[in-house]
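Step one of this worksheet: look at the structure below.
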Amino acid sequence: MPSRFPGSEKARLKDERRRAVQPAEELIDHMSPGPDEVCVDIGSGIGYIAIPLSRKVSKVIAVDIQREMLEAMVEAVGRRDNIEPLMADASHLPLADASVDRVILINVLHELEDPEGAIGSIARVLKAGGRVSLVDFPRRPTSIGPPVGERIDIDDAIAMFRHFHPLGRWELSEYYQVEMERH
Numbered sequence: 024m025p026s027r028f029p030g031s032e033k034a035r036l037k038d039e040r041r042r043a044v045q046p047a048e049e050l051i052d053h054m055s056p057g058p059d060e061v062c063v064d065i066g067s068g069i070g071y072i073a074i075p076l077s078r079k080v081s082k083v084i085a086v087d088i089q090r091e092m093l094e095a096m097v098e099a100v101g102r103r104d105n106i107e108p109l110m111a112d113a114s115h116l117p118l119a120d121a122s123v124d125r126v127i128l129i130n131v132l133h134e135l136e137d138p139e140g141a142i143g144s145i146a147r148v149l150k151a152g153g154r155v156s157l158v159d160f161p162r163r164p165t166s167i168g169p170p171v172g173e174r175i176d177i178d179d180a181i182a183m184f185r186h187f188h189p190l191g192r193w194e195l196s197e198y199y200q201v202e203m204e205r206h
């Protein structure tokens with residue numbers, strides 16, 4: 024069973040080491056989001072991506088399974104019209120079919136208890152031609168990230184999203200990023 028990032032360690036989600044290794048703006052630049060996009064950030068945590076992304080898109084639905092994480096995000100930014108915190112499981116997203124332009128999974132694929140269910144839920148809520156932006160850790164030691172045995176390599180991650188077409192992939196020293204489109 025995958026381990027979930029503990030809410031008690033939420034400060035690590037925005038520490039200087041993470042900012043150096045996974046700069047939020049760099050991750051967002053690779054996504055190339057459009058200003059009219061509605062995005063879902065699954066496993067948004069304290070809003071490391073959701074907050075800066077909200078400045079570039081129409082709306083961000085920040086999904087997390089831990090209330091503590093969403094509360095920390097709201098505390099950090101207050102209520103914003105275009106950030107909607109939503110406590111939900113990725114396998115059962117309470118969103119309308121074909122209602123979002125992009126789903127983002129930053130360092131969360133390896134934590135999903137039901138990855139197939141989550142990918143099915145993602146496919147359901149994405150519009151035709153919608154995008155998945157995936158970032159996770161390679162299956163080798165890095166300075167940050169979960170134990171190596173819990174990681175999912177880039178090729179295995181792409182294979183899990185078999186109903187999606189890869190558009191781009193970046194393999195960096197500490198993480199990888201993949202952009203995919205729904206068929």
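In the numbering used here, the protein residues as written are 24 to 206. All C-beta atoms in this analysis are idealised placements derived from N, C-alpha and C, irrespective of residue type, glycine included. Since this is a predicted model, take the numbers as computed values, not measurements.
Check                                                                                                                                                      : Outcome
Taking all protein chains shown into account, decide if R102 is buried (16 or more other Cβ within 10 angstroms of its Cβ) or exposed.                     : exposed
Hey, could you find the ends of the beta strand (DSSP E) I65 is sitting in?                                                                                : 61 to 65
Roughly how many angstroms separate the alpha carbons of P138 and L50, rounded to a whole number?                                                          : 22 Å
Suppose the cutoff is 7 Å on Cβ atoms and the five residues either side in sequence are ignored; what does the same chain contact list for H115 look like? : S144
I'd like to confirm the pairing. Which residues does DSSP put opposite Q200 in its beta bridges?                                                           : V158, W193
Would DSSP call V86 helix, strand or coil?                                                                                                                 : strand
In terms of alpha-carbon separation, which member of E134, Q89, I142, V126 lies closest to R185?                                                           : I142
Just curious, the beta strand (DSSP E) that V123 is in, first and last residue?                                                                            : 123 to 129
Which residue from E134, L135, M110, A151 puts its Cα closest to that of D120?                                                                             : A151
Which one of L118, S166, D64, T165 has the shortest CA to CA distance from M96?                                                                            : D64
Rounded to the nearest angstrom, how far is the Cβ of L157 from that of Q200, given a contact under 8 Å?                                                   : 7 Å
Which residues in the same chain have their Cβ closer than 8 Å to the Cβ of M24, if we skip the five residues on either side of it in sequence?            : With a pLDDT of 47 at M24, under the threshold of 50, the modelled position of that residue is not reliable, and the figure given next carries that caveat. Contacts found: E136.
In the structure shown, what three-state DSSP assignment does L109 receive?                                                                                : strand
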